[in-house]
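Only one structure is covered here, and it is reproduced in the block below.
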Amino acid sequence: MTDAVDITIVASAFGVDAVRTAGHRKWAEASKRAGAAGFEVRRELFGYEADASLSRLRELGKQIAELGLWSVYSTPASLYVEGGRLDGAALRLALDEALALGARLVKLQLGGFTHEAHGDAIAAQLQGADVRLVVENGQLAQGGSLSQFVGLFEALQREGRADVLGMTFDVGNWAWCDVSSLNAAAALAPYVEYVHCKVAAGEGARRFAAAPAVDDARFADVLHRLPRHVPRGIEFPFDAACIDEDAARRVAWLAAA
Numbered sequence: 040m041t042d043a044v045d046i047t048i049v050a051s052a053f054g055v056d057a058v059r060t061a062g063h064r065k066w067a068e069a070s071k072r073a074g075a076a077g078f079e080v081r082r083e084l085f086g087y088e089a090d091a092s093l094s095r096l097r098e099l100g101k102q103i104a105e106l107g108l109w110s111v112y113s114t115p116a117s118l119y120v121e122g123g124r125l126d127g128a129a130l131r132l133a134l135d136e137a138l139a140l141g142a143r144l145v146k147l148q149l150g151g152f153t154h155e156a157h158g159d160a161i162a163a164q165l166q167g168a169d170v171r172l173v174v175e176n177g178q179l180a181q182g183g184s185l186s187q188f189v190g191l192f193e194a195l196q197r198e199g200r201a202d203v204l205g206m207t208f209d210v211g212n213w214a215w216c217d218v219s220s221l222n223a224a225a226a227l228a229p230y231v232e233y234v235h236c237k238v239a240a241g242e243g244a245r246r247f248a249a250a251p252a253v254d255d256a257r258f259a260d261v262l263h264r265l266p267r268h269v270p271r272g273i274e275f276p277f278d279a280a281c282i283d284e285d286a287a288r289r290v291a292w293l294a295a296a
């Protein structure tokens with residue numbers, strides 16, 4: 040029998056409006072009941088900007104830790120802006136907020152990376168920070184192309200900074216950019232440190248995140264191409280009619296998949 044994998048639940052899996060209305064703590068508690076090991080806090084789902092203050096984040100982080108969960112801090116900010124410039128201010132803010140929360144991982148979008156990774160500048164910001172930086176493939180052409188991610192890690196290698204950051208591999212997001220998730224997994228597996236689990240349903244602009252079927256062979260193939268030891272985050276919506284039961288079932292399934 041294969042060893043189980045750490046499963047996190049992304050706050051948005053419980054519903055955007057539900058999280059903005061009730062706050063993250065309620066859904067961290069639901070994640071604990073479901074058997075998850077971690078919980079992903081989403082900056083864009085705070086009901087008020089004050090919820091992202093360092094004092095509020097410290098309080099939330101303490102509550103999550105008291106549940107026995109570790110946390111991921113996700114921000115919609117991008118590491119690179121258009122033209123390839125490193126957004127040092129966005130990185131600094133994300134790090135400050137993630138450190139206040141006590142997060143294990145801090146996740147940004149890749150954004151407008153072109154050819155220079157600015158690895159020394161990133162390393163300088165991360166010095167002494169007890170949190171791991173990961174960048175995620177998004178749903179837009181900028182920040183969601185396979186060539187950008189291949190280019191990023193090649194650039195970091197050239198700069199001698201290959202270990203400065205890792206990747207959040209979002210299985211479903213590749214569909215928005217018409218990229219095969221299996222091809223992406225084959226190319227990027229060495230750099231993947233966190234997996235967002237969902238599939239895309241619908242077509243074109245009408246695509247939306249959905250739960251993979253338990254017998255979805257394509258989704259299983261992608262998981263098998265990615266590192267087995269890295270945590271997997273549930274980002275697809277749970278069944279609103281039986282959230283606790285669905286969450287527990289999905290955590291158990293994904294941990295063993």
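Convert by adding 39 to the 1-based position in the sequence shown; the result is the number in my numbering.
Ideal Cβ positions, reconstructed from N, Cα and C, are used throughout, including at glycine.
On a predicted model such as this, the values are computed, not experimentally measured, just so you know.
For this session: Could you check what DSSP says for alanine 250 in three-state terms: helix, strand or coil?
Result: The answer is coil: DSSP assigns alanine 250 none of H, G, I, E or B.
For this session: Would you list the one or two residues that DSSP bridges to glycine 150?
Result: Tyr119
Exercise. Where do the N-terminal and C-terminal ends of the beta strand (DSSP E) with glycine 241 fall, by residue?
Worked result: From DSSP, glycine 241 is part of no beta strand (DSSP E); its letter is neither H nor E.
Exercise. Around the C-beta of arginine 245, are 16 or more other C-beta atoms found within 10 angstroms, so that it is buried, or is it exposed?
Worked result: By the beta-carbon neighbour count (other beta carbons within 10 angstroms, threshold 16), arginine 245 is exposed.
Exercise. Histidine 235 and alanine 194 look like a contact to me (Cβ under 8 angstroms); what is the Cβ gap, rounded to whole Å?
Worked result: With a Cβ gap of about 23 angstroms, histidine 235 and alanine 194 do not count as contacting.
Exercise. What do you reckon, are the CB atoms on tryptophan 215 and valine 253 nearer than 8 angstroms?
Worked result: Not a contact, by the Cβ cut-off of 8 angstroms.
Exercise. From the DSSP output, which residues share a beta bridge with threonine 47?
Worked result: Gly77 and Gly272
Exercise. Between Thr47, Ala52 and Asp42, which lies nearest to isoleucine 282 when the distance is taken from Cα to Cα?
Worked result: Per the Cα distances, Ala52.
Problem set entry | Segment contact flag, the stretch 61-71 with the stretch 121-135, C-beta cutoff 8 angstroms, min 3 pairs | no
Problem set entry | Strand pairing of glycine 54, partner residues [DSSP] | Glycine 54 is not bridged to any residue.
For this session: Go ahead and label tyrosine 230 buried or exposed: buried means 16 or more other beta carbons lie within 10 angstroms of its beta carbon, across all protein chains shown.
Result: buried
For this session: Could you spell out the range, first to last residue, of the alpha helix (DSSP H) harbouring leucine 33?
Result: This structure leaves residue 33 out entirely; the chain is present only between 40 and 296.
Exercise. Ordered along the chain, which non-local residues of its own chain (more than five positions away) have a Cβ less than 7 angstroms from that of alanine 104?
Worked result: Gly141
Problem set entry | Buried/exposed call for methionine 40, threshold 16 Cβ in 10 Å | Any reading at methionine 40 must be qualified, since the residue scores a pLDDT of 39, below 50, and its modelled position is unreliable; the value itself is stated next. Methionine 40 is exposed by the Cβ-count criterion.
Problem set entry | Residue interval of the beta strand (DSSP E) (run including valine 203) | Careful: valine 203 lies outside any beta strand (DSSP E) and carries neither H nor E.
Problem set entry | N- and C-terminal bounds of the alpha helix (DSSP H) containing arginine 95 | Note, arginine 95: alpha helix (DSSP H), 93-105.
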